[in-house]
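Protein chains in written order, with the working numbering: chain A, 21 to 271; chain B, 150 to 264. For each residue, glycine too, the CB sits at the ideal point set by N, CA and C. Bear in mind that the values here come from a model prediction, so they are computed numbers and not experimental data. Below is one structure, written out as C-alpha cells; comments come after it.
Here is the structure:
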C-alpha cells in the first residue's frame, strides 16, 4: 500500500473515529462533576479493609486478578525483549576495553552518584513498603529501585554497574515476584475459597501492618518490577556497549 | 470547559495514529504509539476528576470520605502506564532487530516477509 492510499484510509477511519468520539464525549457526564458511583463503592470497600491508599486497594484487593493479568503482560514483555535482544550469530560480546573505556566523569558527578545510589534505593524501598498507607506501591517503587542502580552508570563506568547487578540473580527475582503474586492468589483459594481474597488480618487503620494482602502483593510486584526493569535495561546496555559485529571488532 | 479534556484525549489518540501512519522510521512509530496511548491516560483521569476534590489517599487524620477523585480510573491509569512502558521496550527491541537484519528502519522499505 503506497503512502497516498494509506493517508486516504487514515483520513476516512480517523475522521469516523473523530466524529464518533465527539458524539460520545458529548454524552459523557460533565468533566469535574461529583457523580462517581464506582468511587463511592471502592472508597467504602477500601475503608472496610483498612487501606488508606484507595488506589492500592483497587489494584491489589478489589481487582487483584486484573493486576495479575497486567503483571503477566509486564513479565511477558521483558521475556520477549530479552529474547529479541540476544546476541546474534554475527555478533560477539566484547569483554576487553574497547576505545573509550574510561569515560571522563567529573568528580562531582561521581560523588553525587555514590550519594544518590543508597538514597534512591532507600526511597524505592520506602515507596514499596508504604504503598498501602501513602501514595506509591509496588509498581512505582519497583521502577525507583531499578533506576537507583543505574545511577552508577551515570556516575561511573558500565563495569561498576555490572558488578552490583548480577543479571542472573535479577532474572530469578523477577520470576520470584511473579510466583509470589500468583502464590498469594492460590493461598486465598486454600484459606477462604476465592482467588486473591484478602485473607490476612487487615489490622488497624493507617498502621504499617495493615491492609492484609495489599502490602504483601505490593512487595511481590515491587520485586518483580524492579528486577524486570533491571533485566530489560541490561539487555539494551549489552546491545549498545558490549556487542560488536564480528568483522569490525578487530579494528 | 465541560468536555474539553475528553477532546484532548481524542486529539492525542488521533494525532498519535496519524504519526504511525506517516512514520518513516520505526522508532518514530513507537513514540507515536506512546502518544496515542497517552490519550487513554487523559481520558481515564478526566472521567474520574471531580472539581476541588483531593487525591483518594487518606491518613490517620484524614478520615475516609467519598469527596475525592475516582480511585478506580487512577488504578487503571497506573497499570496502563506500566504496560505501555514495557510494550514500548519490546517494540524498540523489535525495531533494533529489524535494523540489524534489513539495514533500514523505514517501514516503507520493509516489503518482503521472511519465513
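DSSP places residue 160/B inside the alpha helix (DSSP H), whose first and last residues are 153-171. The C-alpha of residue 24/A lies about 16 Å from the C-alpha of residue 35/A. Rounded to the nearest angstrom, the Cβ distance from residue 252/A to residue 238/B is 5 Å, consistent with a contact under 8 Å. Contacts between residue 155/B and chain A, judged by CB atoms closer than 9 Å, involve 41, 42, 44, 45, 46, 48 and 51 in chain order.
Taken atom to atom, the span from the alpha-carbon of residue 85/A to that of residue 175/B is near 34 Å. Contacts between residue 151/B and chain A, judged by CB atoms closer than 7 Å, involve 50 and 51 in chain order. For residue 199/B, the beta-bridge partners assigned by DSSP are 52/A. Judged by DSSP in its simplified three-state form, residue 73/A adopts strand. Between the C-alpha atoms of residue 162/A and residue 186/A there is a straight-line separation of about 17 Å. Sixteen is the threshold: since fewer than 16 other Cβ atoms of the shown chains lie within 10 Å of the Cβ of residue 192/A, the residue is exposed. If you keep only unbroken beta strand (DSSP E) runs of at least 3 residues inside the stretch 215-241 of chain B, you get nothing at all. The three-state reading of DSSP puts residue 254/B in coil, since its state is none of H, G, I, E or B. Within chain B, the residues placing a beta-carbon under 9 Å from that of residue 58/A are 197, 219, 220, 221 and 222, ordered along the chain. For the stretch 83-171 of chain A, the full-length alpha helix (DSSP H) segments reaching 4 residues or more read 84-104 and 127-149 along the chain. By the Cβ-count criterion, residue 155/B is buried, with 16 or more other Cβ atoms from all chains shown falling within 10 Å of its own Cβ. Taking 8 Å as the threshold, the shortest C-beta distance from residue 203/B to chain A does not fall below it. Counting along the chain, the unbroken alpha helix (DSSP H) around residue 62/A starts and ends at 57-68. About 12 Å separates the beta carbon of residue 237/A from that of residue 215/A, a gap too long to meet the 8 Å contact definition. With 16 or more other Cβ atoms from the protein chains shown falling within 10 Å of its own Cβ, residue 173/A counts as buried. Residue nearest to residue 223/B within the set 88/A, 105/A and 62/A is 62/A (criterion: CA-CA distance). Burial is judged here by how many other beta carbons sit within 10 angstroms of a residue's own beta carbon; residue 159/A has at least 16 and is buried.
Within chain A, not a single residue places a beta-carbon under 8 Å from that of residue 191/B; the smallest gap is close to 11 Å. Non-local beta-carbon contacts of residue 208/A in its own chain, meaning distances under 7 Å to residues more than five positions away in sequence, involve 214, 215, 216, 217 and 219 in chain order. The C-alpha of residue 210/B lies about 29 Å from the C-alpha of residue 228/B.
Taking 4 residues as the minimum length, the alpha helix (DSSP H) runs contained wholly in the stretch 212-267 of chain A are 233-257, in order along the chain. The C-alpha of residue 231/A lies about 42 Å from the C-alpha of residue 40/A. With a threshold of 8 Å between beta carbons, residue 261/A makes no contact with chain B. Only residues of its own chain outside the window of five on either side were considered, and among them 185 and 188 have a CB closer than 6 Å to the CB of residue 162/B, listed in chain order.
Only residues of its own chain outside the window of five on either side were considered, and among them 261 have a CB closer than 6 Å to the CB of residue 178/A, listed in chain order. At a cut-off of 8 Å between beta carbons, residue 258/A makes no contact with chain B.
The beta carbon of residue 259/A sits closer than 8 Å to those of 105, all from its chain and outside the five residues before and after it, given in chain order.
Among the residues of chain B, those whose CB is under 8 Å from the CB of residue 90/A are 228, 231 and 232, following chain order. Counting C-beta pairs closer than 8 Å gives fewer than three between the stretch 164-174 of chain B and the stretch 135-149 of chain A, which falls short of the contact rule.
In the assembly as shown, residue 91/A is a buried residue. Its beta-carbon has 16 or more other beta-carbons within 10 Å.
For the pair residue 141/A and residue 132/A, the Cα-to-Cα distance works out to about 14 Å.
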